[in-house]
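Top to bottom, those sequences are chains B and G.
Numbered by this note's numbering, the letters in the first sequence go through residues 34 to 212 in order.
Numbered by this note's numbering, the letters in the second sequence go through residues 60 to 512 in order.
Virtual Cβ for every residue (Gly too), placed ideally from N, Cα, C.
Have a look at the structure below before the remarks.
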Amino acid sequence: MSEPTLYGIVAEFPTPLAAVTAARELHDNGLRRIDAHTPYPVEELDEIVRSGHGTWLGIATLGGAVFGALTGTFEQYWAAAISYPLNIGGRPYNSWPAFTVSSFEVTLLFAIAAGFAAFLAASRLPLLYHPVFLAPNFARASQDRFFLSIEARDPRYDAATIRAILDRHGAMAIDEVWG
Amino acid sequence: MTVSVEHSDELPIMLPGVTLTSLSRDIGGTVLRPKMPLWWWIGFLVSLALLLLLFVSSGWLFVAGIGIWGVDIPVAWGLAIAEYVWWIALASGGTIVSALFYLTRSPWRAAISRIAESMMLCAAASAGILPILHLGRPGLFYWLFPYPNVMGIWPQFRSPLLWDFVCLACYIAMSVMFYYTGMLPDLATMRDRAETRGRQIFYGIMALGWRGSAGQWHHYKTVYLIMAAIMAPMVVSVHSVVGLDFAGGLTPGWHSTQFPPYFFFGAVISGIALVILLTIPIRRAYALQAIITEYHLNALSKIMLTGSLMLGFAYVWEAFGPFYGSEIAERTMFVERVFGMYAPIFWATIALNIALPQLLWWPAVRINEVLLVVIALAIIVGMWCERFVIVITSLHRGHLPSEWGNYSPTVWDWATFAGTIGLFSTLFFIVLRLVPIVPLAEMRELIRDSVPR
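In structure tokens:
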């Protein structure tokens with residue numbers, strides 16, 4: 034592994050409220066490379082640290098649904114009407130009403146699969162290593178503590194100012210993370 | 060998400076004293092403890108013994124053929140198919156609790172959704188294996204897949220039996236994705252609490268590197284809502300399509316347009332009954348009285364009662380149809396069903412699914428654990444009887460007297476039945492060993508909402 038570089042500052046807060054007010058002040062100071070790590074979704078933090086909300090999870094799901102509907106229907110049509118036409122009681126080969134049930138199920142399957150894949154892609158998962166995991170006590174980010182991380186590559190990054198802000202809002206621990 | 064905790068009922072949704080710290084510690088402890096308690100080992104070994112019975116009975120089935128069961132013409136669908144329908148209804152209950160009531164934002168859904176979803180996957184395994192065993196040529200079950208083959212033929216896409224196969228395959232695949240997505244943040248908690256190297260690696264890989272960042276939570280909530288909104292119609296379709304297996308046949312007692320909703324009603328009552336039957340012992344064994352409260356039991360009981368009323372409605376129509384219509388075979392079959400050889404099973408269905416659940420009108424019954432276990436167990440037995448009545452009594456009185464005949468299960472039918480119970484409970488005990496049985500992330504939101512800010 035290469036030489037560790039400075040990732041940034043990671044701070045631990047006891048309550049979501051403290052993390053929210055600290056994040057807001059950091060944001061007001063022009064810092065943009067802020068992220069929050071919390072045991073449950075905190076909407077206020079999400080509004081502060083994320084710029085703009087994409088809708089593409091929904092679009093990906095819809096894309097999966099359309100793909101599933103088309104392939105599911107075509108597969109049945111092709112098998113029953115073109116590849117191996119079977120005359121069943123003189124009914125049309127393309128007996129599409131009988132195909133709708135399977136098509137519906139396949140549509141939903143592809144919709145969920147596409148949504149699941151898009152969720153992993155949007156969340157950048159799987160990613161087993163991340164520098165933020167090196168922060169002391171970070172294991173509690175998935176349990177009962179609220180963490181803010183400020184990346185060093187932010188153009189407005191200034192360790193002293195950031196530390197002062199985090200400290201003022203009651204951070205329990207403020208650590209520089211190298212990774 | 061807003062959860063109205065205070066003005067929902069007199070019963071509290073969560074007892075005071077549950078904090079973020081205690082929740083992760085207590086639930087994490089149930090999974091990460093070095094040794095499982097005695098009750099787990101007893102349950103697991105008994106389940107394993109029953110599973111062994113499944114291996115023996117299906118092994119003998121593969122060698123000797125389907126003649127070891129009691130099935131014959133005219134009753135060519137025996138216990139295996141009745142139990143397939145029974146298991147898939149039990150499985151559906153898990154998705155009903157977890158997806159349908161996620162969409163309604165019901166606050167009681169969170170604490171029991173993991174139990175319900177785990178139950179769903181375990182029951183689906185038992186359901187899925189039965190039709191394959193029943194095939195007669197189980198080794199050729201892959202012919203159900205539309206794959207290009209040298210024979211140049213395809214599955215019969217117009218058949219409800221194939222619809223059912225497609226439906227079940229999609230349902231299980233979708234449920235796995237839904238289950239895993241919902242569990243991802245909890246696996247991260249397990250990773251962070253694990254103390255042995257093996258567990259850190261196992262949960263570390265399973266958690267995919269989840270770090271609870273703002274963006275991850277945002278995507279998580281979005282995709283979970285979308286998934287729940289897709290799973291809800293899916294679960295309705297699953298048991299409806301099972302109903303179409305029967306409605307598509309001309310057999311008296313099957314050929315009815317009410318079957319899809321009728322079957323779904325059965326899924327509601329029996330699925331919720333199994334959720335209750337699992338929730339009460341887990342609540343005791345893991346001392347979860349603070350997070351699974353009487354509120355939850357009350358809510359589940361009300362749904363079970365509603366399911367009972369809906370099912371009663373379907374039973375009435377099932378009795379009305381033969382006498383309203385002019386099909387003599389339907390009437391003959393129905394009279395035979397109610398007064399004939401299998402009449403005790405029919406009346407057990409009415410007593411256990413319709414009469415007994417009426418006790419749930421009393422609020423005291425809805426929070427009485429002992430009575431709830433009795434009623435839930437009775438409903439599960441009652442639903443087994445219902446499946447038996449639908450499958451067997453319909454087939455045993457066909458259109459012509461020359462195709463009348465009886466069916467009695469052999470010891471191998473029963474062994475297979477016990478074996479599928481073993482498969483279900485073995486899987487469920489493994490889930491209890493590996494998975495936090497309460498969804499932690501969602502419970503944390505409830506804890507946040509239950510304390511004044």
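Item to check | With 16 other Cβ atoms within 10 Å as the buried cut-off, status of A186(G) | outcome: buried
Item to check | Backbone secondary structure at S315(G) - three-state DSSP | outcome: coil
Next on the checklist: Against chain B, with Cβ distances strictly below 8 Å, would P311(G) count as a contact?
Outcome noted: no
Checklist entry - Between which two residues does the beta strand (DSSP E) harbouring H70(B) extend? => result 67-70
Checklist entry - What are the residues that DSSP puts in a beta bridge with D6(B)? => result Here chain B has residues from 34 to 212 only, and residue 6(B) is not among them.
Next on the checklist: Helix, strand or coil for R196(B)? Go by DSSP, reduced to three states.
Outcome noted: helix
Checklist entry - Is the beta carbon of I362(G) sitting closer than 8 Å to the one on I331(G)? => result yes
Next on the checklist: Quick check on G126(G) - is its C-beta less than 8 Å from some C-beta in chain B?
Outcome noted: no
Checklist entry - Which term fits W167(G), buried or exposed, when burial requires 16 or more other beta carbons within 10 angstroms of its beta carbon? => result buried
Checklist entry - For R27(G) versus I496(G), is the C-beta distance shorter than 8 Å? => result There is no way to answer for residue 27(G), as the model of chain G reaches only from 60 to 512.
Item to check | Three-state class that DSSP yields for A154(B) in the structure shown | outcome: helix
Checklist entry - Just how far apart, CA to CA, sit P403(G) and P93(G)? => result 49 Å
Checklist entry - Which two residues bound the contiguous alpha helix (DSSP H) that contains I506(G)? => result 499-509
Item to check | Exposure of L72(G), with buried meaning 16 or more beta-carbon neighbours within 10 Å | outcome: Contrary to the premise, residue 72(G) reads as Ile rather than Leu in this sequence. Per the 10 Å Cβ criterion, buried.
Next on the checklist: I'd like to know whether the C-beta of P74(B) is nearer than 8 Å to at least one C-beta of chain G.
Outcome noted: yes
Next on the checklist: Counting only C-beta atoms, is L142(B) closer than 8 Å to chain G at any point?
Outcome noted: yes
Checklist entry - Interface residues of chain D around E504(G) at Cβ under 8 Å? => result Although the question refers to chain D, the structure presented lacks it and instead comprises the protein chains B and G.
Checklist entry - Would a check of beta-carbon distances place M233(G) closer than 8 Å to chain B? => result yes
Checklist entry - The beta strand (DSSP E) with G41(B) in it runs from where to where? => result 39-46
Checklist entry - Over what stretch of residues does the alpha helix (DSSP H) that includes V210(B) continue unbroken? => result From DSSP, V210(B) is part of no alpha helix (DSSP H) but of the beta strand (DSSP E) over 206-211.
Checklist entry - If you check the beta carbons only, do A98(B) and L199(B) fall under 8 Å apart? => result no
Checklist entry - Given that a residue counts as buried once 16 or more other Cβ atoms are within 10 Å of its Cβ, and exposed if not, what is M205(B)? => result exposed
Checklist entry - Is L199(G) closer than 8 Å to I478(G) when the C-beta atoms are compared? => result Sequence check: residue 478(G) is Gly here, not Ile. Result no, Cβ atoms of G478(G) and L199(G) do not sit closer than 8 Å.
Next on the checklist: Tell me the residue span of the alpha helix (DSSP H) that contains E428(G).
Outcome noted: 428-447
Item to check | Residue-level contact to chain G via CB, H60(B), 8 Å cutoff | outcome: no
Next on the checklist: On the DSSP letters alone, give me the boundaries of the alpha helix (DSSP H) that P49(B) sits inside.
Outcome noted: 49-61
Checklist entry - For H455(G), which residues of its own chain have a beta-carbon under 7 Å away from its beta-carbon, when the five flanking residues on both sides are left out? => result P133, V134, W463, G464, N465, Y466
Checklist entry - Counting pairs of beta carbons, one from the stretch 137-147 of chain B and one from the stretch 87-106 of chain B, are three or more of them closer than 8 Å? => result yes
Checklist entry - Which value, in whole angstroms, describes the spacing of the CA atoms of D472(G) and L138(G)? => result 6 Å
Item to check | C-alpha distance - L356(G) paired with I335(G), whole-angstrom precision | outcome: 7 Å
Checklist entry - Under the three-state reduction of DSSP, which class applies to I404(G): helix, strand or coil? => result helix
Checklist entry - What does V53(B) reach in chain G if we use C-beta pairs closer than 8 Å? => result Chain G residues near V53(B): none, gap ~11 Å exceeds 8 Å.
Next on the checklist: Cβ closer than 7 Å: which chain B residues qualify as neighbours of V226(G)?
Outcome noted: According to the sequence shown, residue 226(G) is Cys rather than Val. Residues of chain B passing the Cβ test: E138.
Item to check | Inter-residue Cα distance where the pair is V327(G) and G366(G) | outcome: 6 Å
Checklist entry - Quick one: is T154(G) buried, meaning 16 or more other Cβ sit within 10 Å of its Cβ, or exposed? => result buried
Checklist entry - Can you list the residues of chain G that Y117(B) reaches, using a CB-CB cut of under 7 Å? => result G211, I212, W213
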